[in-house]
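The sequence shown begins at 1402 in the working numbering and counts up by one. C-beta: ideal position from N, C-alpha, C; glycine also.
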Amino acid sequence: MTSLTRVWDIPGGIHPPENKNQSLQLPLGEIPLPPLLVIPLNQHMGTPAQPVVQVGDSVLAGQLIGAADGTFSANTHASTSGTVIAIEDRAIPHPSGIAAQSIVIQPDGLHAWIEKEECADFRALDRLELLDKIRAAGVAGLGGAGFPTAVKLAPKSTQVIDTLILNGAECEPYITADDMLMQVRANELIAGTLLLSHILHHPEKLLIGVEDNKPKAIAALKMAIAAAAVTDPEAKKIQVVSFPTKYPSGGAKQIIQILTGRETPSGHHSADIGVICVNVATAVAAWRAVRYGEPMISRVTTIVGEALQTQRNIDVLFGTPISYVLEQHGFDANRASRVVMGGPMMGFTLLDLDAPVIKTTNCILAPGKQELPPPAPAQACIRCGLCAEVCPVSLLPQQLFWYAQAEDFDRLETHNLFDCIECGACSYVCPSSIPLVQYYRAAKGSIRQQEIEKEKADRSRQRFEFRQARIAKEEAEKEAKRLLRQKAAEEAKKKLAEKTIATSEPLEALATTTDIVAAAVAKASAVQISADEQKIKLERMVNAAKSTLEFAQKPLVPNKTNPVISEEQLVKQQVRVKQAALKLAEAEKKLADFIATQPELAAPEPLPTATTPAVATTTAIDDPIAAAIARAQAKLAISPADRIRSNIESLHSRLAKAEERVAEAKADGSINVAALQQGVDKLREKIAETEAQLTEPGANEPVAVKAEKTAAQIAIEKARQKATAMANKSDGQKRAEQIQALQLRLQKARERLAQAEAENDPNIEAFRLGVTRLEEKLNEIA
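Pasting the structure below:
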């Protein structure tokens, strides 16, 4: 119990005026319930909680209203009973004055609690159960950081904790919240220390560090330890260690060095050196959460400053507006220079006094204009070196200031910027009044934002590289399959040739008289047949455009899903009619231009005879069987050499378009240049392979005619079977199949539209128009 522990000194540090007596003249007090409680969902370090109540819900004191979102988050509870009247963004106490999602509660004045689950003996519970209770109560660090306590009390299995430190230094000027807590709740602090010791597997040392300017708190703690030791022998392990007052000895790394002599390495946590440091108010909150089942809904806060009529410490509910707290203590805005949350060294000016008290609000400072005047304008650095002398972590504030001004983030990290605890000692002693800490905070924020953006860019790059690798793999697999098919075809040709030679039968004998005639006609009129096919294709386009126009011109009919035809639908119909008319005119122009270049097509065609292959006309388009027969016979008459030449022309056309896309991609600096170039290379290889086929033996022989005729006969047979099947079906079956086909097309069209909207495709309107047409056609049929 008696302090026999050696204490060490820390580098740097300052001795600003303490100004702690003003708030210690009165006992710990309370204020009436405010008209409204504004409870933010991010009162802690980490991810904000997620609301679990709705507007209009009645809540009780201690009821969960915001659930923790992940490990580094904390639950949020109602501070009193009442009604939730809003869940919206409200101002929160933050240096930037930002707003955050908050739950607004109108108190009913009863302060009715939820049913609490008490625990008389915490040693009867498993350590994990104790951590769950602390986590459920939403306990977070009350020293200012707001780190979730349950996370801090669960170190890694490789981190052996031999020392538990309760931080009661409270070195910041004006603040006496922890001092008052240790005076009036010393017994609960000792019980909380034993609880944390049990959770951490009973460390060898249990130390409560207090600066020597708090004699009443030190005496109260020693008395509480003596009383606890009567019933619990482990309480004798607790030592109250008093050490000289110096700012910032209350920092976690600083008090660890003072009480143990150990320095926390850069980039590491105290648990890595076997020490856990917890604020005294946090230990009391954890104890109450386990012993009485009380969630953390209030804290002791110092209300101080010459602009107030009453200066004291109060136990205030979270969510109480700071303006209401100031009003209860006689705040005079005319006398105040500003209102600060926290102390004069590490606190920040509140931009909105309606911001609420939260878990990290340990002090509300309302200084007078003479007490804390506005800072003087910053001047040029005179390189006096005082900032380096007082830095408690042995940094070089002057160099950090220069690099922060230049936004040289690499050098800032090299000079260990993130080891800065932002204590403000350097700014305090700076004769040029340079706000050094402000530069450090801004630089840290910029570096964090840069790291977030870099991480996003790395993820995007990895996704792109994975996609490129997947595409390359798929292309390689396709190429391998193509080569296998080509090899199989060559072997089949070779076997057929060997079989023909073995039987000593001429190839011409394998074909019927009709085949020979068809081959001769094909050789004589290949160009004419090719032109006919092109004409049929253009006529088909004209007929399709006419059908589209006729469908668009149909009057809109109300149905079950659309009982009233709106003006917007009529406008859309007019747009569709206009587009269909334009497409029809374009198709007719193409057909007319083609006929003008082929005058022989305008002459009447001879009727098909036994020796003349029938050529499909426009009237055959309406008959699917006739159209299939015409296409098959036209294909039958083309020689292999002509087919290869046609294929080469098509490949050259595709190559030209592909090369244009590559040129456009290079000009735009697109990331798809490599993929497009790969496609061009493959097309060139395919053209070379196809041209090589013209020089192969047998390219002009009529063997292929026989094979092609067989394929054509198969196509004709399939067309006839399909027509027969359709003739045997009833009108209801045909209508059902049509509806099913339209539904499938509509589903695919909607998927393409959703993908286009997600990718911001420039053809979104075209996709949307297609969906609208399919919906209208389906409604009309249904």
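Within the segment 1571-1636, the complete beta strand (DSSP E) segments at least 3 residues long are 1606-1612, listed from N- to C-terminus. Per DSSP, the unbroken beta strand (DSSP E) holding S1503 starts and ends at 1500-1508. Per DSSP, the continuous alpha helix (DSSP H) segment holding C1788 begins and ends at 1787-1791. DSSP, read as helix, strand or coil, puts H1478 in strand. D1490 carries a strand assignment under DSSP once its states are collapsed to helix, strand and coil. Per DSSP, S2051 lies in no beta strand (DSSP E) segment; the continuous alpha helix (DSSP H) that holds it begins and ends at 2041-2069. Under the DSSP definition of a beta bridge, V1460 partners with G1483. One thing to note: V1943 has its Cβ within 8 Å of the Cβ of L1992. In the DSSP assignment, I1704 forms a beta bridge with R1713, I1765. According to the DSSP assignment, L2143 belongs to no beta strand (DSSP E) but to the alpha helix (DSSP H) extending over 2132-2159. Going by DSSP, S1643 is part of no alpha helix (DSSP H) but of the beta strand (DSSP E) stretching over 1639-1644.
Exposure of W1409 is indicated by the presence of fewer than 16 other C-beta atoms within 10 angstroms of its C-beta.
Where L1529 is concerned, the enclosing alpha helix (DSSP H) starts and stops at 1528-1537. Contact between A1684 and G1744 does not hold, since the beta-carbon distance rounds to 21 Å and is not under 8 Å. Straight-line spacing of the CA atoms in R2062 and A2075 works out to 12 Å.
Using a Cβ distance threshold of 8 Å, L1438 and Q1502 do not count as a contacting pair.
Collapsing the DSSP output to three states places S1948 in a helix. If the five residues before and after E1571 are omitted, its C-beta is found closer than 8 Å to the C-beta atoms of T1577, A1578, D1579, D1580, E1612, K1615, G1651, all from its own chain and listed in chain order. Around the CB of R1692, 16 or more other CB atoms lie within 10 Å, so the residue is classed as buried. Residue burial annotation: D1933 is buried, with at least 16 other C-beta atoms found within 10 angstroms of its C-beta. Around the Cβ of T1702, a 10 Å sphere holds 16 or more other Cβ atoms; the residue is buried. When rounded, the separation of the alpha-carbon atoms in E1852 and D1811 is 12 Å.
With a contact defined as Cβ atoms closer than 8 Å, A1805 and A1779 miss out at about 13 Å. Under the three-state reduction of DSSP output, N1680 falls in the strand class. Taking C-beta atoms as the reference points, H1599 and F1719 fail to come closer than 8 Å.
Beta-bridge partners assigned by DSSP to S1699: L1718.
Judged by beta-carbon spacing, V1453 lies beyond the 8 Å limit of G1471, meaning their Cβ atoms are not closer than that value. For E1856 and R1862, the gap between their C-alpha atoms comes out near 10 Å.
Using a Cβ-Cβ distance cut-off of 8 Å, the segment 1549-1568 and the segment 1485-1492 are not in contact, since fewer than three pairs of beta carbons, one from each stretch, lie closer than that value. DSSP assignment within the segment 1832-1904 yields the following whole alpha helix (DSSP H) runs of 4 residues or more, N-terminal first: 1837-1904. Scanning L2147, F2168, Q2148 for the CA closest to the CA of A2157 turns up F2168. Here T1632 is exposed: its Cβ has fewer than 16 other Cβ atoms, across all protein chains shown, within 10 Å. In its chain, beyond the 5 residues on either side, F1523, L1596, H1599, I1600, V1691 have a beta carbon closer than 8 Å to the beta carbon of L1531.
Taking a cut-off of 8 Å on C-beta distances, the segment 1662-1681 touches the segment 1547-1557, as three or more cross pairs fall below it. Per the C-alpha coordinates, the member of P1412, F1995, T1761, L1939 positioned closest to L1985 is L1939.
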